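Scroll down for the structure; my scribbles are underneath it.
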Amino acid sequence: MNDKEIFEQLAQFQKQNIPVCLATIIKAAGSTPREVGAKMLICVDGKTYGSIGGGCGENQVRSASLRCLLTEKKPALIEADLTDDLGTKGGDVCGGKMLIFVEPYF
Amino acid sequence: MNIIFQINDLISKAQIFCLATVISSSDDRISPGTKTIIYKDGTMEGEIKDKETGQLISDIALKAFTQQEKKLVEIRAGLTVFFDFISTSAQLLICGAGHIAIPLAQFAQQVGFAVTVIDDRPDFANQPRFPGCEVIADDFITTLRRIPIHSSSFVVIITRGHEHDAECLEEIIYHPTAYVGLIGSRRRVSFVLEMLEKAGIPKERLADICTPIGIPIGAESPEEIALSITAELVCVRRKGVNQAKALSNAVRGMK
């Protein structure tokens, strides 16, 4: 999904009063699966639109988003570390780090 | 207007703009998530009310405009802002609806281009051959004078003959474009370029044209050629025309 589709979808959710989180990669270092500016929407039922790279980084963002929507009700900054080189903890192995901004829209 | 609706409105008008979002702030008056839109001329619209902060943000945005570099900046102690440039979907115009156009239209759509195909032969330029595309079956010149061509337009010229290639190029060359690619044998291409130079088109503008078209991957079949052209489109969109030319020249230099 490109930016256009993400923002169209976000506007749709707002019109229908469906709470949703917008996650954006705002900084990336080393090898990361997606570039700075990549976006993803996360609904309160866990459904996602678009991608910030898949895998554990995305799972981390998904749980942070739900926390944002359900309890914190304010934006959060997530650091996804993809440097777990053997993936032994089920981590991603791209080797980089990403900073992701997660903001709830009610 | 709600800023999300406003962003959508700008995207639908294919406007280029910077979207600045406050990421972290030690200032109680500015909360994380606050957004503001900065236009190319420096005017702003959005949720940042403080004039001084607005000025700081607009200065940084304007500097980043040429490269459209998305970045995180600590604009002053305790205030971090993310500068995003929202990409609208790029337009690909394919002149010529022949056998390469079919896989090219498919691949290009898959990598995010909105595709328009034009040809003067209704047997070739028809909707069933190009699902998901805008298809126009009309005279090349008439069509090219009618449809919008702008600085984010990618144009691929693959008509059935060099006279059509030349007439398409002559129409397109006076518009600002993101990319113009021309297919053809070295002989056919140099013939077309010579013709245009005689018609008074500056050499520097002719040098912008990517020809031979496509990243050199040794493509032979229509699908392979379409893949090599798509690779060039992606390269130009992500890295700029210089990198695409450098890749082509590097391979040609090896021979």
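Those sequence lines, one after another, are chains A and B. If you count the first sequence from 1, position 87 lands on 86 in numbering that gives the first Met the number 0, and the numbers rise without skipping. If you count the second sequence from 1, position 13 lands on 12 in numbering that gives the first Met the number 0, and the numbers rise without skipping. For every residue, glycine included, the Cβ atom is placed at its ideal position computed from N, Cα and C. All of these numbers come straight from a predicted model, not from anything done at the bench.
Could you give the residue range of the alpha helix (DSSP H) that holds residue 58 of chain B?
-> The residue given as residue 58 of chain B occupies position 59 in the second sequence. First-last of the alpha helix (DSSP H) with residue 58 of chain B: 50-64.
Quick one: using the 10 Å Cβ neighbour count with 16 as the cut-off for buried, is residue 84 of chain A buried or exposed?
-> Residue 84 of chain A sits at position 85 when you count from the first residue of the first sequence. Only weak support is given to the placement of residue 84 of chain A: the predicted model assigns it a pLDDT of 48, under 50, and the value that follows is read from those uncertain coordinates. Classification of residue 84 of chain A: exposed, given that the 10 Å Cβ count is below 16.
Residue 0 of chain A - DSSP class collapsed to helix/strand/coil = Counted from its first residue, the first sequence places residue 0 of chain A at position 1. Reduced to three states, the DSSP call for residue 0 of chain A is coil.
Can you pull the chain A residues whose beta carbon is under 9 Å from the beta carbon of residue 31 of chain B, in chain order?
-> Here residue 31 of chain B refers to the residue found at position 32 of the second sequence. Correct list: 73, 74, 75, 76, 100, 102.
Determine the direct distance from the alpha carbon of residue 35 of chain B to that of residue 5 of chain B, and round the result to whole angstroms.
-> Working through the second sequence from its first residue, we reach residue 5 of chain B at position 6. Working through the second sequence from its first residue, we reach residue 35 of chain B at position 36. Residue 5 of chain B and residue 35 of chain B: Cα-Cα distance of roughly 11 Å.
Kindly list, in the order they appear in chain B, the residues whose Cβ is closer than 7 Å to that of residue 25 of chain A.
-> On the first sequence, position 26 is the one that residue 25 of chain A refers to. Here the neighbours are 22, 71, 81.
Start and end of the beta strand (DSSP E) containing residue 156 of chain B?
-> Your numbering for residue 156 of chain B matches position 157 in the second sequence. Here the beta strand (DSSP E) through residue 156 of chain B covers 152-156.
Verify the CB distance criterion: does residue 4 of chain B have a CB-CB separation below 8 Å to chain A?
-> In the second sequence, counting from the first residue as 1, residue 4 of chain B sits at position 5. Yes, residue 4 of chain B counts as interfacial toward chain A.
What residues from chain B crowd round residue 13 of chain A, counting only those whose CB sits closer than 8 Å?
-> Residue numbering aside, residue 13 of chain A sits at position 14 when the first sequence is read from its first letter. Correct list: 1, 3, 4.
Mind pulling the chain A residues with CB within less than 7 Å of residue 7 of chain B?
-> Here residue 7 of chain B corresponds to residue number 8 of the second sequence, with the count starting at 1. Residues of chain A passing the Cβ test: 6, 7, 10.
Within chain A, the residues that residue 111 of chain B reaches when beta carbons sit closer than 9 Å | Here residue 111 of chain B is taken as the residue at index 112 of the second sequence, counted from 1. Ordered by position in chain A, the residues that pass the 9 Å Cβ test against residue 111 of chain B are 1.
Buried or exposed by the 16-neighbour rule on C-beta atoms within 10 Å, applied to residue 90 of chain B | Looking up residue 90 of chain B in the second sequence gives position 91. Under a 10 Å Cβ-count criterion, residue 90 of chain B is classified as buried, with 16 or more other Cβ atoms of the shown protein chains found around its own Cβ.
8 Å contact criterion, which residue 52 of chain B and residue 29 of chain B should meet: CB distance rounded | Indexing the second sequence from 1 puts residue 52 of chain B at position 53. Indexing the second sequence from 1 puts residue 29 of chain B at position 30. Rounded, the Cβ-Cβ distance is 7 Å, consistent with contact.
Contact set for residue 72 of chain A: own chain, Cβ-Cβ below 8 Å, skip 5 residues either direction | Within the first sequence, numbered from 1, the residue matching residue 72 of chain A stands at position 73. 103, 105.
Taking C-beta pairs closer than 9 Å, name the residues in chain A that residue 59 of chain B reaches, listed in chain order.
-> Locating residue 59 of chain B in the second sequence gives position 60, counting from the first residue. Result: empty, since nearest Cβ-Cβ is about 14 Å, beyond 9 Å.
DSSP state of residue 64 of chain A mapped onto helix, strand, coil = By 1-based counting over the first sequence, the position of residue 64 of chain A is 65. If DSSP states are grouped into helix, strand and coil, residue 64 of chain A belongs with the helices.
Using only alpha-carbon positions, find the residue among B/209, B/171, B/203 that is nearest to residue 256 of chain B.
-> Look at the range of chain B in this structure, 0 to 254, and you will see that residue 256 of chain B is not part of it.
Which chain D residues sit within Cβ distance under 9 Å of residue 10 of chain B?
-> The question asks about chain D, but that chain is absent: this structure's protein chains are A and B.
Residue 22 of chain B - DSSP class collapsed to helix/strand/coil = As a working mapping, residue 22 of chain B is identified with position 23 in the second sequence. Of the three classes helix, strand and coil, the one that applies to residue 22 of chain B here is strand, per DSSP.
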